[in-house]
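Numbering (the working numbering), first residue to last: 178 to 247. We treat Cβ as the ideally placed atom computed from N, Cα and C, and that holds for glycine. Beneath this line is the structure, given in structure tokens, with notes to follow.
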Amino acid sequence: MDLTLDPEEASLLVRVVRNRLEELRQEVHHTRDSDDRGYLKHKESLLQRILGKFPPGMDESAHQKGYTQQ
178 MDLTLDPEEA SLLVRVVRNR LEELRQEVHH TRDSDDRGYL KHKESLLQRI
228 LGKFPPGMDE SAHQKGYTQQ
């Protein structure tokens with residue numbers, strides 16, 4: 178599947194994925210059940226893979242600029 182995003186959309190998506198990744202790390206830290214912990218770590222790995230597909234040096238604040246320029 179290919180997904181084409183403009184710079185505003187891409188920067189917002191990266192921000193959302195990074196925020197969820199931070200939340201997941203906290204969940205992993207507080208989860209005692211090994212099966213649940215394994216699943217959370219799997220989701221963390223998937224989010225890392227998604228982030229790795231965005232170009233390095235991408236303008237991660239493009240979504241903010243789009244709002245302030247209106």
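Would you identify the three-state DSSP class for residue i, choosing helix, strand or coil?
i	result
residue 234	coil
residue 182	coil
residue 213	helix
Whose C-beta lies closer than 8 angstroms to the C-beta of residue i among residues of the same chain, with five residues either side of it excluded?
i	result
residue 202	221
residue 209	none
residue 225	198
residue 228	191, 194, 195 and 198
Report all residues from its chain with a CB closer than 7 angstroms to the CB of residue i; omit the five preceding and five following residues, and keep chain order.
i	result
residue 217	201, 204, 205 and 208
Who are the near neighbours of residue i in its chain, counting only those whose CB is closer than 6 angstroms to its CB and skipping five residues on each side?
i	result
residue 191	231 and 237
Is residue i near the ligand MN - that is, is its Cβ less than 7 angstroms away from at least one heavy atom of it?
i	result
residue 185	Judged by which ligands are present, the structure shown has none, so any question about the ligand MN falls away.
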